[in-house]
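Here's the structure, in structure tokens; my notes come after.
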Amino acid sequence: MAADQESQTAQSTDTIVVWGNTNVGKTTLLATALYHESTKSSLNKYIDFRESMTRERGYPSVFSHHWGTISKSRPTQSTSGFVDCELVLENGQGVVTLIDGYGGRMLEDNTPHVRNRIIEARGVLFIVPWTREMEQDFDDFAAISKYWHSLDHSTQRVGIVFTKCEQYLDVKDPAWNFAPGWWRDRPLPMARELPMILESAGPAVWPTSVFGFDEIGQPNCILDEFGQLVPLHIKPRNVSQPLEWMLEGLTNAY
Ligand SMILES: Nc1nc2c(ncn2[C@@H]2O[C@H](COP(=O)(O)OP(=O)(O)OP(=O)(O)O)[C@@H](O)[C@H]2O)c(=O)[nH]1
Ligand SMILES: [Mg+2]
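Here the numbering used here is used: the first residue of the sequence shown is 7, the next is one more, and so on.
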């Protein structure tokens, strides 16, 4: 490949970091995006799934266990460190590394390794669950605000993903269409606590759900034998969109 052609392709050192507090649904979102038929069919415009499977750190080696767990309605395991997943892009556009962050230890004082991963990333998706005010864990916000101002918004692509939205949004709520500013008139603690962060994310703010709704419009989940909420079926809503937006921006940039 000629040198000038080579510079048109993404290198696997180009990263997209997915970051947020523990238990917000990062790994579930990524595993679903890469495994569920509906989300895969949206993403295959950007990702060469066949080639991506053959990489040593391809998505099966990284996410198949988690996908097996959630698709069998089992409780998931927490991620214990940064997990890298190499995605081969369509049309010979190279490889990017998708990094699944770990929430458990993110509020440690000494987090330069986290900051560096975020500062060096081509793109960052911050994940926060949709909750009612009394249920909100303020570490969910800290996970974002702590790093938001370290980003270079002129060169990095940055978005905010609300998860578990089937618990609070009606099946027909227009918020699912994520028109710009859709979150402004919503009773979201984050809209009150961090409005400038949401405003500066512009259109890159999505309401998502992995579980989705059943045929009669009820949240698609049950309580397991330990009283934990697990999906009955997986019917993702807006789960591919944040990655599509991210990959479109990165690939157009080359
Ligand atoms: N109700 C609901 N729960 C969800 C959804 N997505 C994920 N969850 C639940 O959220 C919990 C945490 O999911 P994970 O994906 O493991 O969370 P994580 O952010 O990767 O957590 P760490 O790895 O500890 O940082 C699990 O019990 C999931 O079943 C969703 O769309 N709706
Ligand atoms: Mg995880």
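A virtual CB, placed ideally from N, CA and C, is assigned to each residue, including glycine.
Put simply, the backbone Cα of Val120 is about 12 Å away from that of Ile150.
The Cβ-Cβ distance between Thr169 and Pro135 falls below 8 Å. The residues Phe132, Ala207 and Val211, in chain order, have a CB closer than 6 Å to that of Ile166 in the same chain once the five nearest residues on each side in sequence are set aside.
The alpha carbon of His42 has as its nearest neighbour, out of Ile240, Glu254 and Thr85, the alpha carbon of Ile240. Only residues of its own chain outside the window of five on either side were considered, and among them none has a CB closer than 8 Å to the CB of Pro201. Positions of the alpha helix (DSSP H) runs, each at least 4 residues long and wholly inside the stretch 13-93, are given as 32-41, 43-49, 55-60 and 65-77 in order along the chain. The Cβ-Cβ distance between Val102 and Asp20 falls below 8 Å. Within the model, the alpha-carbon separation for Trp73 versus Lys152 is close to 30 Å.
Taken in chain order, the whole alpha helix (DSSP H) runs of length 4 or more contained in the stretch 176-249 are 195-199 and 201-206. In the DSSP assignment, Pro135 is bridged to Thr169.
For Lys32, the Cβ falls inside the 7 Å cut-off from some heavy atom of ligand 2. Going by C-alpha positions, Glu96 is about 28 Å away from Ala185.
Membership of His119 in the alpha helix (DSSP H) is indicated by the continuous run Pro118 to Glu126. Under the DSSP definition of a beta bridge, Leu95 partners with Ile53.
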